[in-house]
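To start, the structure itself, in structure tokens.
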Amino acid sequence: MNQQHPVVERYVTHLETAIGGLDPADRREVLQEIRNHIAEATAAGRPLDVVIKSLGPADALGRAYAVELLLHPQNDRPRHAAERWFRIVGLVVVLSIPTLVAVSTLGSVGISFVASGLFTFVVGVLEAAGVFPWPHLIDLPPVVTIFLGPAMVVVGAVALVALRFYIRSVVRAVRTSLAPIRAVDRSQ
Amino acid sequence: MTVTPSGDWTSQLRRGVLELCILRLLRHRPSYGYEIVTTLEALGPLAAGENTVYPLLRRLKADHYLETFTRESPAGPPRQYYRLTQEGRRRLGAIEKDWGEMVQAVERAVVKGEVA
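Written out as structure tokens, the structure reads:
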């Protein structure tokens, strides 16, 4: 079959218009494939009009390509997977040192201040009541330690809350990176 | 294609299993569009039109389950062949497993009537 046959050319021209939303490389391959199909089918002895009719209207064939290539949810999945891993690696690079500093500083300040504050408060109360077995373990008046203890607990609690907030933010950022990315229009 | 009273249902079913059929068809050797279309035509109820098969082939390629290469044809223009990628083989394995489970479930539900 001569590929320059006007019926073939008219069909291919209509199809080219119908798949105008695809990227140029896809468009070229699609048109070549349909030309090949027509050539193979006519070479196998099928009449050209039957072959064209079997392909269906060029508009409908174009829409079928658009549905598969532009709207299919799995489209571009491998590219998005690569993008996702780049984002995860980027997050690790950017967040590793801040996370180390935040966890070690806020964690140690939080735990030690809360524990020390509680201990100081209890010691102050026992000393004020005169029942503490080792007087002057803390070299401050009991009244001061009674107020100093809760202040230390507050500082430690603030550090722990800040650490929790930081960890939640990091987890949210990582989850966002791991979440599948919706398909985008390949024509963009 | 014959239109039957269950035509719409058959059409939906065919569309669902067509991807499996194409991947299975290409498991052992590459094939080109026209050959794939005519092979599927010979499968009776599974026969799908060119306007379904060719777009699906392109999508499977876009999803990296298939890749293409060109080979000279004894007659006519060079053919564009499709072959399975490694990802396509994994996809085929996963779909075959799902299909097997689906067939067993349908067998139990419809044929043996285990589901009321």
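If you're matching them up, the sequences are chains Y and D in order.
Quick note on this note's numbering: the first sequence kicks off at -16 and runs consecutively.
Quick note on this note's numbering: the second sequence kicks off at 64 and runs consecutively.
Every residue gets a Cβ at the ideal spot worked out from N, C-alpha and C, and that includes glycine.
All of these numbers come straight from a predicted model, not from anything done at the bench.
Check                                                                                                                  : Outcome
Y/N58 at chain D interface by Cβ criterion, 7 Å                                                                        : The predicted model places Y/N58 with a pLDDT of 47, which falls under 50 and marks its position as unreliable; any figure quoted below should be read in that light. Closer than 7 Å: yes.
Local Cβ density within 10 Å of Y/S80, reported as buried at 16 or more and exposed below that                         : Before going further, note that residue 80 of chain Y is Ile rather than Ser in the sequence given. Answer is exposed; the Cβ neighbour count stays below 16.
Counterpart residues of D/R142 in DSSP-defined beta bridges                                                            : D/R134
9 Å Cβ cut-off: residues of chain D touching Y/L38                                                                     : G112, E113, N114 and Y117
CB contact flag (D/L120, D/A110, <7 Å)                                                                                 : no
Collapsed DSSP secondary structure at D/G96 in the structure displayed                                                 : helix
For Y/F115 and Y/L123, believed in contact at Cβ under 8 Å, the rounded distance                                       : Y/L123 to Y/F115, Cβ: 13 Å. No contact.
Cutoff 7 Å: Y/T(-4) Cβ touching any chain D Cβ                                                                         : no
Cβ-based neighbour list, D/T13, same chain, cut-off 7 Å, excluding 5 preceding and 5 following                         : An answer regarding residue 13 of chain D cannot be provided, because it is not within the stretch 64 to 179 covered by chain D.
CA nearest to the CA of D/L123, picked from D/A138, D/R152 and D/T101                                                  : D/R152
Start-end ranges of the alpha helix (DSSP H) lying completely within the region 8 to 81 of chain Y, minimum 4 residues : 31 to 38 and 41 to 49
Euclidean distance between Cα positions of Y/A26 and D/Y95                                                             : 15 Å
C-beta neighbour in chain D for Y/H(-12), strict 7 Å                                                                   : no
Per-residue contacts from D/Q143 into chain Y (C-beta, under 8 Å)                                                      : E12, Q15, E16 and N19
Backbone CA spacing between Y/V141 and Y/A98 [nearest angstrom]                                                        : 13 Å
Under 7 Å from the C-beta of Y/E23: neighbouring residues of chain D                                                   : Y97 and G139
Minimum Cβ-Cβ distance from Y/A48 to chain D less than 7 Å                                                             : One point to set straight first is that residue 48 of chain Y is Tyr, not Ala, in the sequence displayed. So, interface residue.
Proximal residues to D/T65 (C-beta, below 6 Å), its chain only, five neighbours per side dropped                       : With a pLDDT of 47 at D/T65, under the threshold of 50, the modelled position of that residue is not reliable, and no figure is offered here.
Length of the line joining the Cα atoms of Y/R70 and D/E135                                                            : 43 Å
Residue-chain proximity (Y/A26, chain D), Cβ-Cβ < 7 Å                                                                  : yes
Minimum Cβ-Cβ distance from Y/L31 to chain D less than 7 Å                                                             : no
Whether Y/L143 touches Y/G100 by CB criterion (7 Å)                                                                    : no
C-beta contact flag for D/P108 and D/R146 at 7 Å                                                                       : no
Through-space distance from D/Q167 to D/K175, alpha-carbon basis                                                       : 10 Å
Neighbour flag for Y/L52 against chain D, beta carbons, 7 Å                                                            : yes
Straight-line Cα distance separating Y/W68 from Y/R29                                                                  : 50 Å
Contacting positions in the region 118 to 130 of chain D - beta carbon closer than 7 Å to chain Y                      : P118, L119, R121, R122, A125, D126 and H127
With 16 other Cβ atoms within 10 Å as the buried cut-off, status of Y/E23                                              : buried
Per-residue DSSP class, three states only, for Y/L83                                                                   : helix
Rounded C-alpha distance that separates D/V169 from D/W162                                                             : 10 Å
Inter-residue spacing [alpha-carbon to alpha-carbon] between D/Q143 and D/E113                                         : 15 Å
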